[in-house]
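Notes for the one structure printed next.
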Amino acid sequence: MTFVIPFPAIDPVLISFGPVAIHWYSLAYIAGLLLGWRLLRRMVLRT
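Using my numbering, you'd call the opening residue of the sequence shown number 3 and step up by one each time.
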């Protein structure tokens with residue numbers, strides 16, 4: 003007997019403005035860059 007785990011079918015596009023589309027993974031890149039910038043700024047200001 004085979005058990006199947008349901009996998010949700012999520013659209014990879016978060017928002018689209020005409021020919022420009024913002025994907026979910028780009029949101030992760032933007033969040034990582036902003037958090038990294040904030041952390042580095044905080045480290046520089048402490049020294």
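Here a beta-carbon is modelled for each residue, glycine too, at the ideal position from N, C-alpha and C.
Query: Identify whether Ala23 lies in helix, strand or coil by the three-state DSSP scheme.; Result: strand
Query: Under the DSSP definition of a beta bridge, which residues are partnered with Ser18?; Result: Ala23
Query: Report the CB separation of Ile24 from Leu16 in whole angstroms; it is logged as a contact under 8 angstroms.; Result: 5 angstroms
Query: Roughly how many whole angstroms lie between the Cα atoms of Tyr27 and Val6?; Result: 26 angstroms
Query: Tell me which residues share the same chain as Ser18 and place their Cβ nearer than 8 angstroms to its Cβ, disregarding the 5 neighbours each side in the sequence.; Result: Ile24
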